[in-house]
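Counting with my numbering, you get residues 1 to 116 for the letters of the sequence shown.
All remarks here apply to the structure that follows.
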Amino acid sequence: MNDPREFELYDLRVEVVEGSEPMVCGHEPGDFFTLRGENLEFPPGQTFPLYPLAALLPLLPAKQRRTHPNDWMTTDMEVACPDPHCGARFRITRTGTSTFRHGEVTREPWRPQEGG
1 MNDPREFELY
11 DLRVEVVEGS
21 EPMVCGHEPG
31 DFFTLRGENL
41 EFPPGQTFPL
51 YPLAALLPLL
61 PAKQRRTHPN
71 DWMTTDMEVA
81 CPDPHCGARF
91 RITRTGTSTF
101 RHGEVTREPW
111 RPQEGG
């Protein structure tokens, strides 16, 4: 990555895992989706409930970026379902990286940043 207009984001897999309580939302253990850049991908025929997805979405851009090794965003992989009566957990795993170029993701002209 020698081009200063390039940057890397982690590719993510978000998988439903069982917690200590029964699940009551419309997800099953093993259900998952992946995120590459800004694109969510679901396996053919698999659905994912809206409310857990809405709760997970704000975390995903932060999980895609490099973080300090001691930051909780680096160390914590599981998030509880937002329904207090559901025992599901969602495991967010960094599976690799993808490289993007500034011009591929915005129409804002690229300007070199001072110090970076």
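Each residue gets a CB set at the ideal place from its N, CA and C atoms; glycine is no exception.
Of all the options Leu12, Cys25, Asp76, which has the alpha carbon lying nearest to the alpha carbon of Pro61?
-> Leu12
Would Phe42 be called buried (16 or more neighbouring beta carbons within 10 Å of its own) or exposed?
-> exposed
One or two residues paired with Ala88 in a DSSP bridge = Paired residues: none, contrary to the question.
Which residues bound the beta strand (DSSP E) around Glu78?
-> 78–80
Excluding sequence positions up to five away, which residues of its chain have a Cβ less than 6 Å from the Cβ of Met21?
-> Position check: residue 21 holds Glu in this sequence, whereas Met was assumed. For Glu21, where only same-chain residues beyond five positions count, the Cβ hits under 6 Å are Gly87.
So, do the region 87–96 and the region 71–79 have three or more beta carbon pairs nearer to each other than 8 Å?
-> yes
If you follow the beta strand (DSSP E) that Val14 is part of, which residue opens it and which one closes it?
-> 6–17
Less than 7 Å separating the beta-carbons of Trp110 and Arg36?
-> no
Decide if Met23 is buried, meaning its Cβ has at least 16 other Cβ atoms within 10 Å, or exposed.
-> buried
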